[in-house]
Amino acid sequence: MVAEPLGAAGAEGELSLGLLRRLVDTPDAFGSEVTMIAGEQDGRPVVFVLMTGDHPAQVAGFADPGEMGSAIWSRPCSMPAVVRRG
Amino acid sequence: MLDAGRRAPGVNGARHVSEPFAQAWSDVAGARVAVRRDLHAFELRVVRPPAAPPGSFRTASAGDTDQLERWTLAFAEDIGEAISPQEASETVARMLPHGDLAVWERDGEAVSMAAVVRRTPWSSSVAYVYTPPPLRRRGYASAVVAELSQRELDAGQSWCSLFTDAANPTSNHIYTELGYEPRCDFRYLTLTW
Numbered sequence: 001m002v003a004e005p006l007g008a009a010g011a012e013g014e015l016s017l018g019l020l021r022r023l024v025d026t027p028d029a030f031g032s033e034v035t036m037i038a039g040e041q042d043g044r045p046v047v048f049v050l051m052t053g054d055h056p057a058q059v060a061g062f063a064d065p066g067e068m069g070s071a072i073w074s075r076p077c078s079m080p081a082v083v084r085r086g
Numbered sequence: 087m088l089d090a091g092r093r094a095p096g097v098n099g100a101r102h103v104s105e106p107f108a109q110a111w112s113d114v115a116g117a118r119v120a121v122r123r124d125l126h127a128f129e130l131r132v133v134r135p136p137a138a139p140p141g142s143f144r145t146a147s148a149g150d151t152d153q154l155e156r157w158t159l160a161f162a163e164d165i166g167e168a169i170s171p172q173e174a175s176e177t178v179a180r181m182l183p184h185g186d187l188a189v190w191e192r193d194g195e196a197v198s199m200a201a202v203v204r205r206t207p208w209s210s211s212v213a214y215v216y217t218p219p220p221l222r223r224r225g226y227a228s229a230v231v232a233e234l235s236q237r238e239l240d241a242g243q244s245w246c247s248l249f250t251d252a253a254n255p256t257s258n259h260i261y262t263e264l265g266y267e268p269r270c271d272f273r274y275l276t277l278t279w
């Protein structure tokens, strides 16, 4: 769901995609606690958040900030893989 | 994330995303936000080879381990993200077997290092660029980064990426000379709970 837009984002999405790929290869690379949330708008991903262990949350966006906004910020949730809106 | 008890110690990402995200943590949960570092994200598709300094490029080997661990520690300290000797050892041990660490060697001695720290199906990310202070300003870092980047492109990657500290105009200039083009600005913010 997010690999393609992260790849299309070039250097802006590379860090998130690289970390995601490393997690696929080595699930415990950053410790046991991994949180991933994708914000979706009208069926397409607009923002992706990846937090591993005690590292800073890595955020990548695929839309205008206004579009990303409420797709994720205003929807506290209990560890879903995906937060959908729209 | 809040319901799950997750309290991010910080947020990193392209500035147009990381800033509103950090602000949301502040608005919703009261975290105090501070800017930790501004970074430039660069992208390279064609290497502009620099004037080669004396010496040659080679992939690092097990025999380089001790020195690479020392340099990894020194690099982390240089960028203000100090790590422990054990973390430096683990970092080198993770990259070395995959040929992801490279050095510029002169007269049988390694004088500069660089590493590929991540790969995607399309790209390789270069980091851990370090030259000991007495050996700087001789073109070693440019040479090792150029050769390592070219190696990745030759292996089929479409582009290489690299992050620099926005407050370090010297490194930004060096990488631009090699063909790295600025793509976007990242902002790393800390959150205090």
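Residue numbers (this note's numbering), protein chains in the order written: chain B, 1 to 86; chain D, 87 to 279.
Yeah, the Cβ is synthetic: ideal placement off N, Cα and C, and Gly gets one too.
Beta-carbon proximity check, residue i vs residue j, cutoff 8 angstroms
{"i": "Arg-269/D", "j": "Glu-12/B", "result": "yes"}
{"i": "Pro-140/D", "j": "Glu-263/D", "result": "no"}
{"i": "Ala-188/D", "j": "Arg-144/D", "result": "yes"}
{"i": "Thr-338/D", "j": "Ala-229/D", "result": "The question about residue 338/D has no answer, for chain D in this structure spans 87 to 279."}
{"i": "Ala-9/B", "j": "Ala-60/B", "result": "yes"}
{"i": "Ala-90/D", "j": "Trp-279/D", "result": "no"}
{"i": "Tyr-274/D", "j": "Gly-96/D", "result": "yes"}
{"i": "Thr-206/D", "j": "Gly-7/B", "result": "yes"}
{"i": "Arg-122/D", "j": "Thr-256/D", "result": "no"}
{"i": "Pro-171/D", "j": "Leu-154/D", "result": "no"}
{"i": "Glu-233/D", "j": "Cys-246/D", "result": "no"}
{"i": "Ser-142/D", "j": "Glu-195/D", "result": "no"}
{"i": "Val-47/B", "j": "Val-119/D", "result": "no"}
Of the listed residues the options, nearest to residue i (C-alpha basis)
{"i": "Asp-240/D", "options": "Asp-89/D, Arg-123/D, Val-132/D, Val-103/D", "result": "Val-132/D"}
{"i": "Asp-271/D", "options": "Ser-32/B, Thr-26/B, Leu-15/B", "result": "Leu-15/B"}
{"i": "Ile-37/B", "options": "Leu-88/D, Asp-150/D, Ala-148/D", "result": "Leu-88/D"}
{"i": "Thr-250/D", "options": "Leu-221/D, Gly-91/D, Ala-196/D, Tyr-266/D", "result": "Tyr-266/D"}
{"i": "Met-181/D", "options": "Trp-190/D, Glu-191/D, Tyr-214/D, Glu-233/D", "result": "Tyr-214/D"}
{"i": "Ala-110/D", "options": "Ala-29/B, Ala-57/B, Ala-9/B", "result": "Ala-57/B"}
{"i": "Thr-35/B", "options": "Val-47/B, Gly-53/B, Ala-63/B", "result": "Gly-53/B"}
{"i": "Phe-161/D", "options": "Ser-198/D, Ser-244/D, Ala-115/D", "result": "Ser-198/D"}
{"i": "Val-2/B", "options": "Glu-33/B, Leu-23/B, Gly-39/B, His-55/B", "result": "Gly-39/B"}
{"i": "Asp-64/B", "options": "Pro-106/D, Val-203/D, Gly-225/D, Arg-204/D", "result": "Pro-106/D"}
{"i": "Asp-124/D", "options": "Ser-142/D, Ala-100/D, Asp-186/D, Val-114/D", "result": "Ala-100/D"}
{"i": "Ala-148/D", "options": "Asn-98/D, Ala-168/D, Gly-225/D, Ser-175/D", "result": "Ser-175/D"}
{"i": "Leu-248/D", "options": "Val-114/D, Ser-104/D, Arg-204/D", "result": "Arg-204/D"}
{"i": "Leu-50/B", "options": "Ser-112/D, Glu-163/D, Ala-94/D", "result": "Ala-94/D"}
{"i": "Val-231/D", "options": "Val-114/D, Ser-112/D, Asp-186/D", "result": "Asp-186/D"}
Terminal residues of the alpha helix (DSSP H) in which residue i lies
{"i": "Asp-240/D", "result": "226–240"}
{"i": "Trp-245/D", "result": "It is not in any alpha helix (DSSP H) - Trp-245/D instead sits in the beta strand (DSSP E) that spans 245–251."}
{"i": "Glu-173/D", "result": "171–181"}
{"i": "Gly-7/B", "result": "3–8"}
{"i": "Glu-163/D", "result": "151–164"}
Limits of the unbroken beta strand (DSSP E) element including residue i
{"i": "Gly-39/B", "result": "34–41"}
{"i": "Gln-58/B", "result": "57–61"}
{"i": "Leu-17/B", "result": "From DSSP, Leu-17/B is part of no beta strand (DSSP E) but of the alpha helix (DSSP H) over 11–25."}
{"i": "His-259/D", "result": "From DSSP, His-259/D is part of no beta strand (DSSP E) but of the alpha helix (DSSP H) over 255–264."}
{"i": "Gly-96/D", "result": "96–100"}
{"i": "Glu-267/D", "result": "267–278"}
{"i": "Ala-120/D", "result": "118–130"}
{"i": "Thr-206/D", "result": "Note, Thr-206/D: premise wrong, no beta strand (DSSP E); not H, not E."}
{"i": "Glu-191/D", "result": "187–192"}
{"i": "Arg-144/D", "result": "142–145"}
{"i": "Pro-45/B", "result": "44–52"}
Practice task
Check each residue of the region 87–106 of chain D: if its Cβ is closer than 7 angstroms to any Cβ of chain B, include it; give the result in chain order.
Solution key: Met-87, Leu-88, Asp-89, Ala-90, Arg-92, Ala-94, Pro-95, Gly-96, Val-97, Asn-98, Gly-99, Ala-100, His-102, Val-103, Ser-104, Pro-106
Exercise for the section: Using a Cβ-Cβ cut-off of less than 9 angstroms, give me the residues of the region 39–62 of chain B that come near chain D, in sequence order. Expected result: Val-47, Val-49, Met-51, Asp-54, His-55, Pro-56, Ala-57, Gln-58, Val-59, Ala-60, Gly-61
Problem - Segment contact flag, the region 247–267 of chain D with the region 121–128 of chain D, C-beta cutoff 8 angstroms, min 3 pairs - result: yes
Problem - At least three beta-carbon pairs within less than 8 angstroms, the region 198–211 of chain D to the region 18–27 of chain B - result: Short answer: they touch.
Problem - Residues of the region 8–19 of chain B with Cβ closer than 9 angstroms to any Cβ of chain D, in chain order - result: Cβ contacts with chain D: Ala-9, Gly-10, Ala-11, Glu-12, Gly-13, Glu-14, Leu-15, Ser-16, Leu-17, Gly-18, Leu-19.
Problem - Near-chain B residues of the region 265–277 of chain D - C-beta to any C-beta below 7 angstroms - result: Arg-269, Cys-270, Tyr-274
Practice task
Identify each residue in the region 236–249 of chain D for which the Cβ-Cβ distance to at least one residue of chain B is less than 9 angstroms, and report them in chain order.
Solution key: Across the region 236–249 of chain D, CB contacts with chain B closer than 9 angstroms involve Trp-245, Ser-247, Leu-248, Phe-249, in sequence order along the chain.
Practice task
With 7 angstroms as the C-beta to C-beta threshold (strictly closer), list the residues of the region 115–142 of chain D near chain B in chain order.
Solution key: Ala-127, Phe-128, Glu-129
Problem - the region 210–238 of chain D: positions lying closer than 8 angstroms to chain B by Cβ - result: Ser-211
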